[in-house]
Every structure is written in structure tokens, then in C-alpha cells.
Amino acid sequence: NAGVTQTPKFQVLKTGQSMTLQCAQDMNHEYMSWYRQDPGMGLRLIHYSVGAGITDQGEVPNGYNVSRSTTEDFPLRLLSAAPSQTSVYFCASRPRASSYNEQFFGPGTRLTVL
Amino acid sequence: QQQVKQSPQSLIVQKGGISIINCAYENTAFDYFPWYQQFPGKGPALLIAIRPDVSEKKEGRFTISFNKSAKQFSLHIMDSQPGDSATYFCAARLTGSNYQLIWGAGTKLIIKP
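Listed below in C-alpha cells is the structure:
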């Protein structure tokens with residue numbers, strides 16, 4: 001199993017550009033989520049999905065869109081990048097929303113918006 | 001209030017010493033308290049977790065102590081080693097709301113040889 005994979009690993013954007021961060025998991029997990037990690041602020045939930053076709057907003061959803069057309073993939077779209085979106089982005093998955101099982105994280109995407 | 005407050009922000013411990021990281025919460029709707037460990041350039045990974053019906057859980061050198069009445073829980077690392085140097089996050093699972101994890105701000109731990 002590859003676990004949770006994320007691409008790209010690094011990305012530099014100019015203000016106003018759009019892009020998609022890719023996330024895929026091969027563990028057949030129902031629950032997937034996107035976090036951003038900023039110094040001194042821990043992990044903040046952007047969007048999450050409890051299954052294919054179902055998504056919902058987390059704590060900091062503004063400026064981001066998601067979709068979940070398959071169990072495996074959960075892309076995160078930045079609509080019009082802003083410097084405030086400079087961060088490290090992590091995708092995570094776990095078997096079900098209600099599961100006590102651990103949440104598996106991808107290696108992260110470091111995004112810089114100029 | 002959904003916050004989980006974690007302290008200290010950073011911690012330096014001598015090799016062989018005990019590292020202690022504390023977290024506090026206010027929301028009684030939390031029902032599961034995991035600790036995650038993150039090495040530089042990597043995603044967080046589950047280290048140890050506890051449910052509120054027990055006061056302590058130990059796995060090797062790592063122990064969670066849980067005080068339900070005080071709404072506090074802490075991570076103790078015994079015989080700390082340089083390989084334990086990492087950022088540690090506490091979290092709390094919120095019942096309902098699709099069981100989201102609410103995260104502490106993280107503690108950067110450095111173990112000096």
C-alpha cells in the first residue's frame with residue numbers, strides 16, 4: 001500500500017493563480033480531509049469528506065474548493081491564490097468518520113504564494 | 001468552545017530526562033484524545049491515544065495521563081532520546097460534527113545529547 005500520496009511536494013504560485021493539490025489513498029478509507037499547517041497554529045481543517053460525493057466545510061474553507069468523485073481521490077482547489085494561503089497542506093484519511101482508528105497523513109505540499 | 005490549548009510551545013530536554021507536554025480543553029463533547037508525532041518534512045503520525053474512561057495509558061516510553069475533572073491530559077516521554085526530537089500535537093475528537101479532530105498548536109521538542 002502506498003498509503004496517502006500528495007502531489008506536488010512543492011509549489012510556488014503568483015497571486016491570483018489557481019491550482020489543484022492532488023491527494024489519493026489506496027486504503028479504501030471513507031473519510032478524507034485537508035488541513036493547513038501554519039507555525040504556532042497547529043493543524044486547521046479546511047474541508048472534509050465522509051464518502052464519495054459528500055463534502056463539507058471545516059474551520060477555514062474560504063478560498064478553497066473540494067470534490068470527491070471517487071473513494072480514492074480528494075483534490076483541493078485554490079481558486080485565486082493569495083499570500084495568506086502560503087502554508088503546508090496535508091491530506092489525511094481514516095476508515096470512517098466515526099472511527100477511533102488513526103488518521104493517516106500524506107507527506108504534505110509546501111505552497112508559497114508570491 | 002472547541003479549543004485545545006497545548007503547552008509549552010517548545011521544550012528542550014537532556015537525553016535520558018522526562019519530557020512533559022500538556023493539553024487542556026473545555027468542551028465536554030470530546031471523546032477521544034490522540035497524540036501525533038511529526039518529524040520535519042513529514043506528515044503527523046499517531047503516537048498514542050486515550051479515551052476518557054481511563055486515567056492513564058502507557059506504550060513503551062510514552063504515557064498519556066488524563067484528568068477528566070480538570071479537563072487536562074498530558075504526554076510523558078520517559079528516558080527521552082535524540083530520536084524523539086519532533087513536533088508533538090495533542091488533539092481531541094468531537095462527537096457529532098462527523099467526529100472532527102480539534103488540534104493543539106504543537107510543541108517542538110528537542111532532546112539534547
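As they're listed, the protein sequences go chains Y and D.
Counting in this note's numbering, the first sequence runs from 1 upward without gaps.
Counting in this note's numbering, the second sequence runs from 1 upward without gaps.
We treat Cβ as the ideally placed atom computed from N, Cα and C, and that holds for glycine.
Note that this is a predicted model, so its numbers are computed, not measured.
CA-to-CA distance, residue j to residue i, given in whole angstroms
i: glutamate 30 of chain Y; j: glutamine 38 of chain D; result: 24 Å
i: glycine 53 of chain Y; j: alanine 70 of chain D; result: 41 Å
i: glutamate 59 of chain D; j: serine 74 of chain D; result: 14 Å
i: proline 75 of chain Y; j: alanine 24 of chain D; result: 33 Å
i: lysine 112 of chain D; j: alanine 86 of chain D; result: 12 Å
i: histidine 47 of chain Y; j: asparagine 62 of chain Y; result: 10 Å
i: tryptophan 34 of chain Y; j: isoleucine 77 of chain D; result: 29 Å
i: proline 107 of chain Y; j: alanine 29 of chain D; result: 30 Å
i: leucine 13 of chain Y; j: tyrosine 64 of chain Y; result: 15 Å
i: lysine 57 of chain D; j: isoleucine 50 of chain D; result: 7 Å
i: glutamine 6 of chain Y; j: arginine 44 of chain Y; result: 18 Å
i: threonine 63 of chain D; j: tyrosine 100 of chain Y; result: 18 Å
i: proline 93 of chain Y; j: proline 8 of chain Y; result: Inspection of the sequence shows that residue 93 of chain Y is occupied by serine rather than by proline. If you take the alpha carbons of serine 93 of chain Y and proline 8 of chain Y, they lie about 18 Å apart.
i: tyrosine 88 of chain D; j: leucine 11 of chain D; result: 11 Å
i: serine 49 of chain Y; j: threonine 15 of chain Y; result: 28 Å
i: glycine 17 of chain D; j: glycine 83 of chain D; result: 13 Å
i: glutamine 11 of chain Y; j: methionine 32 of chain Y; result: 22 Å
i: tyrosine 36 of chain D; j: serine 19 of chain D; result: 15 Å
i: proline 40 of chain D; j: glutamate 26 of chain D; result: 30 Å
Limits of the unbroken beta strand (DSSP E) element including residue i
i: glutamate 56 of chain D; result: 56 to 59
i: phenylalanine 10 of chain Y; result: 10 to 13
i: proline 34 of chain D; result: 33 to 38
i: aspartate 56 of chain Y; result: 54 to 57
i: methionine 19 of chain Y; result: 19 to 25
i: glycine 51 of chain Y; result: 43 to 51
i: serine 93 of chain Y; result: 87 to 94
Beta-carbon neighbours of residue i, restricted to chain D and to distances below 8 Å
i: proline 107 of chain Y; result: Gly41, Lys42, Gly43
i: aspartate 56 of chain Y; result: Asn98
i: phenylalanine 90 of chain Y; result: Gly43, Pro44
i: valine 50 of chain Y; result: Asn98
Per DSSP, the bridge partner or partners of residue i
i: leucine 114 of chain Y; result: Note: leucine 114 of chain Y sits in no beta bridge, so no partner.
i: isoleucine 50 of chain D; result: D/Phe33
i: histidine 76 of chain D; result: D/Ile20, D/Thr63
i: glutamine 14 of chain D; result: D/Lys112
i: arginine 68 of chain Y; result: Per DSSP, none; premise fails for arginine 68 of chain Y.
Chain-ordered chain Y contacts of residue i [CB-CB under 8 Å]
i: glutamine 9 of chain D; result: Gly40
i: phenylalanine 89 of chain D; result: Gly42, Leu43
i: alanine 105 of chain D; result: Gly40, Met41, Gly42
Residue i versus the options, residue with shortest Cα-Cα distance
i: glutamine 22 of chain Y; options: Y/Val113, Y/Thr112, Y/Cys91; result: Y/Cys91
i: lysine 114 of chain D; options: D/Leu11, D/Ile18, D/Asn22; result: Shown here, chain D extends from 1 to 113; a query on residue 114 of chain D therefore has no answer.
i: valine 13 of chain D; options: D/Gly41, D/Ile64, D/Asp79, D/Ala105; result: D/Asp79
i: glutamine 85 of chain Y; options: Y/Leu114, Y/Asn1, Y/Gly3, Y/Val50; result: Y/Leu114
i: alanine 24 of chain Y; options: Y/Arg68, Y/Leu78, Y/Asp38; result: Y/Arg68
i: glycine 106 of chain D; options: Y/Asp73, Y/Asp38, Y/Glu59; result: Y/Asp38
i: aspartate 53 of chain D; options: D/Ile110, D/Lys15, D/Asn67; result: D/Asn67
i: glutamate 102 of chain Y; options: D/Asn27, D/Leu47, D/Gly16, D/Pro82; result: D/Leu47
i: glutamine 100 of chain D; options: Y/Ser87, Y/Asp73, Y/Asp56, Y/Phe10; result: Y/Asp56
i: threonine 71 of chain Y; options: Y/Asn28, Y/Thr112, Y/Val88, Y/Leu78; result: Y/Asn28
i: isoleucine 102 of chain D; options: D/Ile110, D/Leu109, D/Arg93, D/Lys108; result: D/Arg93
i: arginine 36 of chain Y; options: Y/Gln17, Y/Ser87, Y/Ser18; result: Y/Ser87
9 Å Cβ cut-off: residues of chain D touching residue i
i: glutamate 102 of chain Y; result: Pro34, Tyr36, Ala45, Leu46, Ala49
Interface residues of chain D facing residue i [CB-CB closer than 7 Å]
i: tyrosine 64 of chain Y; result: Those within 7 Å of tyrosine 64 of chain Y in chain D number zero; the least Cβ separation is about 16 Å.
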